[in-house]
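Have a look at the structure below before the remarks.
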Amino acid sequence: AERHTVPPPTDANTAPGAALWACAGGHLVAAGTIRTCATAGCMTGLCAEHAHLGTGLRRCQKCGSDRCAEHAAACSGCQASFCADHLQTLDSGSLACADCGVTLEDGRRYLQDEIAHTAVSRRQGARAQMVRSSMSGRWAFEDETIPCEISGRRLLPDEIASCARSHKRVAR
Numbered sequence: 000a001e002r003h004t005v006p007p008p009t010d011a012n013t014a015p016g017a018a019l020w021a022c023a024g025g026h027l028v029a030a031g032t033i034r035t036c037a038t039a040g041c042m043t044g045l046c047a048e049h050a051h052l053g054t055g056l057r058r059c060q061k062c063g064s065d066r067c068a069e070h071a072a073a074c075s076g077c078q079a080s081f082c083a084d085h086l087q088t089l090d091s092g093s094l095a096c097a098d099c100g101v102t103l104e105d106g107r108r109y110l111q112d113e114i115a116h117t118a119v120s121r122r123q124g125a126r127a128q129m130v131r132s133s134m135s136g137r138w139a140f141e142d143e144t145i146p147c148e149i150s151g152r153r154l155l156p157d158e159i160a161s162c163a164r165s166h167k168r169v170a171r
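This is the structure in C-alpha cells:
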C-alpha cells in the first residue's frame, strides 16, 4: 500500500487532509482501517473489505504481527507463517521456527525429519551426513560401517561375520 495525503475523499468517514492508504484491492482507505505489514518502511496493506483476497498479509504465529509475503515465510517443518524475527535458517538451508528446529550436540540445527540416530552408537546426526546399511536400511555414520569384502556393500557391525573358510568379513 502506498501512503498519500489527498484532498477530501468521497468517504464521509475520512476527514479532509487525513492520511490515506492505497489498499491492494485498488482504492484509498483511512489509515486506521487498513491492516499493514509490521515491518518498518513496508507499505503493503489490505482493508477489511479486501482481506478475503489473501494477497497481502500473513500473521506471525509467534508474535501475532502482520507481515507481507516479502517479510514473512512458512516454517519448513510445520508450514505455519512467521516473521523473520521468529524463523531461523538451519544448517540444511531450511527455514524453521523454534519448535521445529533441533539442535545437535555440535550446535548445528536441522528439522526433525532431517536427522536420525545411528543404529550403532545411537548418536544423533544429519541424515545427509549418514549412510544407510544396504542390508537393513538402518542409519549410521560412514565410519561406523564396515565394507563386505565380497560385495563391497557398507554394512553395520551386527550385519558382518567372518567367513570360516576365507576369513573375510562378509554379510551375515
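Letter by letter, the sequence shown follows residues 0 to 171 of our numbering.
Ideal placement from N, C-alpha and C gives every residue a C-beta, glycine not left out.
As the structure is a computational prediction, the values presented were derived from the model and not from experiment.
(request) Ignore the nearest five residues each way along the sequence and tell me which others in VAL130's own chain have a CB closer than 8 Å to its CB. (result) These residues qualify, in order along the chain: TRP138, ALA139, PHE140, GLU141, THR144 and ARG153.
(message) Can you find the residues in the same chain that come closer than 7 Å, C-beta to C-beta, to SER120, ignoring five residues on each side of it along the sequence?
(response) Once the five neighbours on either side are set aside, the close Cβ partners of SER120 are GLU143.
(request) Please report how far the alpha carbon of HIS49 lies from the alpha carbon of CYS59, in whole angstroms. (result) HIS49 and CYS59 have their C-alpha atoms spaced approximately 20 Å apart.
(request) Could you spell out where the beta strand (DSSP E) holding GLN123 opens and where it closes? (result) In the DSSP annotation of this structure, the continuous segment of the beta strand (DSSP E) that includes GLN123 starts and ends at 123-125.
(request) Locate the beta strand (DSSP E) running through ALA73, then write down its first and last residues. (result) ALA73 -> beta strand (DSSP E) spans 71-73.
(request) Return the chain-ordered list of same chain residues with a C-beta closer than 8 Å to the C-beta of CYS62, the five sequence neighbours on each side being excluded. (result) Excluding five sequence positions before and after CYS62, the CB atoms of its chain that fall closer than 8 Å to its own CB belong to CYS82, ASP84 and HIS85, given in chain order.
(message) Please report the straight-line C-alpha distance between ALA37 and ASP65, rounded to a whole angstrom.
(response) So the two alpha carbons sit approximately 6 Å from each other.
(message) Measuring only the C-alpha atoms, how far is ALA18 from LEU89?
(response) Cα-Cα distance, rounded: 41 Å.
(request) Go through its chain and collect everything with a Cβ distance to HIS70's Cβ below 7 Å, but skip five positions before and after it. (result) Counting only Cβ-Cβ distances below 7 Å, and skipping sequence neighbours, we find CYS36, THR38, CYS41, CYS82 and ALA83.
(request) Can you give me the start and stop residues for the beta strand (DSSP E) that ALA97 sits inside? (result) Bounds of any beta strand (DSSP E) do not take in ALA97, whose DSSP letter is neither H nor E.
(message) Between which two residues does the beta strand (DSSP E) holding GLY44 run?
(response) In this chain, the beta strand (DSSP E) harbouring GLY44 covers 44-46.
(request) Indicate the three-state DSSP secondary structure (helix, strand or coil) for ASP65 in the structure shown. (result) The three-state reading of DSSP puts ASP65 in strand, counting E and B together.
(request) Would you tell me roughly how many angstroms separate the C-alpha atoms of ARG168 and ALA115, rounded to the nearest one? (result) Within the model, the alpha-carbon separation for ARG168 versus ALA115 is close to 27 Å.
(request) Spell out the partners DSSP gives ARG108 in its beta bridges. (result) DSSP lists THR102 as partners of ARG108.
(request) Could you work out which residue in VAL101, LEU56 and ALA68 is closest to ARG126 when comparing CA atoms only? (result) Ranking the options by Cα distance to ARG126, first place goes to VAL101.
(request) Could you please give me the residues that DSSP links to VAL169 through a beta bridge? (result) VAL169 is bridged to ALA160.
(message) Considering Cα atoms alone, identify which of ASP112, SER165 and GLY25 is closest to GLY76.
(response) When ASP112, SER165 and GLY25 are compared, the shortest CA-CA separation from GLY76 is found for ASP112.
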